[in-house]
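Chemist: Residue numbers (the numbering used here): 1437 to 1652. Backbone N, C-alpha and C define an ideal beta-carbon position, used for all residues, glycine too. No experiment lies behind these values; they were computed from the predicted model shown.
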């Protein structure tokens, strides 16, 4: 096996592991807001425990990156992809942390407000669609889709503002109100991290940071 083919094989393995991490985060996010209204805390506890798997996967990706940089001496274009893999993996790990936080909320309180739950599930669905499209954008080298995903984070932000600044929650219990707002914040953060991932993908595809094109 030549040096270059070995390097390409290891790069492909790194990419596949980042994709697997993204798929696992997607699986954890899907249906996570349903847990908030469960009659018992079983699924919530599973949601919290599942974060350990994500942490292990992120650690493995970081190890691969270190090995690639120290043993293969990648050129600038390859290095861009390698470094971005670390950043994407970090954002995915933080997404998983916030998913676990949703489970922690359910362990403390059960949310039953239908208006609130509808908006939280909408935030989840928007985040899932963004996460799906990030992979599509990379595979199709679609920078326009990257920009669209980044802009779509505003929809999640709007729902967060709506939940935290209106009377949607309608709770006399201050503790329940606080936990409801926390839940919206965790979902808003998930949207932020997916936006970050879209920016990393944009950088890999173009060699430019997204912030620079917005300043022109």
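From this set, 1629, 1595, 1585, 1632, which residue's C-alpha is nearest residue 1616's C-alpha?
Modeler: If you number the chain shown from 1, residue 1616 lands on position 180. Ranking the options by Cα distance to residue 1616, first place goes to 1595.
Chemist: Whether or not the stretch 1480–1491 and the stretch 1524–1541 are in contact is what I'm after, with contact meaning three or more pairs of Cβ atoms, one per stretch, closer than 8 Å; do they touch?
Modeler: A contact exists between the stretch 1524–1541 and the stretch 1480–1491.
Chemist: Provide the residue span of the alpha helix (DSSP H) that contains residue 1503, from first to last.
Modeler: As a first step, residue 1503 must be located in the chain shown, where it is residue number 67. From DSSP, the alpha helix (DSSP H) with residue 1503 extends over 1487–1508.
Chemist: Work out the CA separation of residue 1469 and residue 1602 for me, nearest whole Å.
Modeler: For the purposes of this step, residue 1602 is taken as residue 166 along the chain shown, with counting starting at 1. For the purposes of this step, residue 1469 is taken as residue 33 along the chain shown, with counting starting at 1. Between residue 1602 and residue 1469, the C-alpha separation is close to 20 Å.
Chemist: Kindly indicate which residue of 1524, 1646, 1500 has the alpha-carbon position closest to the one of residue 1445.
Modeler: Counting from 1 along the chain shown, the entry for residue 1445 is found at position 9. With distances taken between Cα atoms, residue 1445 lies closest to 1500.
Chemist: Would you please state the rounded distance, in angstroms, between the beta carbons of residue 1564 and residue 1465? I believe it to be under 8 Å.
Modeler: If you number the chain shown from 1, residue 1564 lands on position 128. If you number the chain shown from 1, residue 1465 lands on position 29. Contact flag correct, Cβ pair sits at about 6 Å.
Chemist: Determine the direct distance from the alpha carbon of residue 1521 to that of residue 1529, and round the result to whole angstroms.
Modeler: Taking the chain shown and counting its residues from 1, the one referred to as residue 1529 is at position 93. Taking the chain shown and counting its residues from 1, the one referred to as residue 1521 is at position 85. Near 12 Å, if we compare the C-alpha coordinates of residue 1521 and residue 1529.
Chemist: So for residue 1594, helix, strand or coil by DSSP?
Modeler: In the chain shown, residue 1594 corresponds to position 158, counting from 1. Reduced to three states, the DSSP call for residue 1594 is helix.
Chemist: Count the other CB atoms, across all protein chains shown, that sit within 10 Å of the CB of residue 1629; report buried if there are 16 or more and exposed otherwise.
Modeler: As a working mapping, residue 1629 is identified with position 193 in the chain shown. Classification of residue 1629: buried, given that the 10 Å Cβ count is 16 or more.
Chemist: Buried or exposed for residue 1441, please, with buried defined as at least 16 other CB atoms from any protein chain shown within 10 angstroms of its CB.
Modeler: Within the chain shown, residue 1441 is the residue found at index 5, counting from 1. Residue 1441 is exposed by the Cβ-count criterion.
Chemist: If the criterion is Cβ atoms closer than 9 Å, does the pair residue 1505 and residue 1454 meet it?
Modeler: Residue numbering aside, residue 1505 sits at position 69 when the chain shown is read from its first letter. Residue numbering aside, residue 1454 sits at position 18 when the chain shown is read from its first letter. No, the Cβ-Cβ distance between residue 1505 and residue 1454 is not below 9 Å.
Chemist: Are at least three pairs of beta-carbons, each pair with one atom in the stretch 1574–1588 and one in the stretch 1626–1642, less than 8 Å apart?
Modeler: Verdict: yes, contact present.
Chemist: Would you check if the distance between the CB atom of residue 1474 and the CB atom of residue 1636 is smaller than 9 Å?
Modeler: As a working note, residue 1474 is residue 38 in the chain shown. As a working note, residue 1636 is residue 200 in the chain shown. No. Outside cutoff.
Chemist: Going along the chain, which residues of its own chain have a beta-carbon closer than 7 Å to the beta-carbon of residue 1570, five neighbours each way excluded?
Modeler: By one-based count along the chain shown, residue 1570 stands at place 134. So the list reads 1585, 1630, 1633, 1634, 1637, once near-sequence residues are dropped.
Chemist: What's the C-alpha gap between residue 1661 and residue 1489?
Modeler: As displayed, the chain neither begins before 1437 nor continues past 1652, which places residue 1661 out of reach and without an answer.
Chemist: Hey, would you say residue 1573 sits closer than 9 Å to residue 1600, going by beta carbons?
Modeler: In the chain shown, the residue the question calls residue 1573 occupies position 137. In the chain shown, the residue the question calls residue 1600 occupies position 164. No, the pair does not count as a contact, with Cβ atoms beyond the cut-off.
Chemist: Looking only at its chain, what residues have a beta carbon closer than 6 Å to the beta carbon of residue 1646, apart from the 5 residues adjacent to it on each side?
Modeler: To locate residue 1646, count along the chain shown from 1; it is residue 210. The residues are 1635, 1638.
Chemist: How should residue 1550 be labelled, buried or exposed, when 16 other C-beta atoms within 10 angstroms of its C-beta is the threshold for buried?
Modeler: The sequence position of residue 1550 within the chain shown is 114, counting from 1. Exposed, since its Cβ has fewer than 16 Cβ neighbours within 10 Å.
Chemist: Going by C-alpha distance, which of 1491, 1552, 1443 is nearest residue 1460?
Modeler: Taking the chain shown and counting its residues from 1, the one referred to as residue 1460 is at position 24. If we check each option's Cα against that of residue 1460, 1491 comes out closest.
Chemist: So, at 8 Å on beta carbons, what are the nonlocal neighbours of residue 1562 in its own chain, with the 5 sequence-adjacent residues on each side left out?
Modeler: Residue mapping note: residue 1562 aligns to position 126 of the chain shown, counting from 1. Excluding sequence neighbours, residue 1562 sits near 1588, 1591, 1592, 1595, 1627.
Chemist: Taking all protein chains shown into account, do 16 or more other C-beta atoms lie within 10 angstroms of the C-beta of residue 1555, making it buried, or fewer, making it exposed?
Modeler: Start at 1 with the first residue of the chain shown, and residue 1555 comes out as number 119. Buried, since its Cβ has 16 or more Cβ neighbours within 10 Å.
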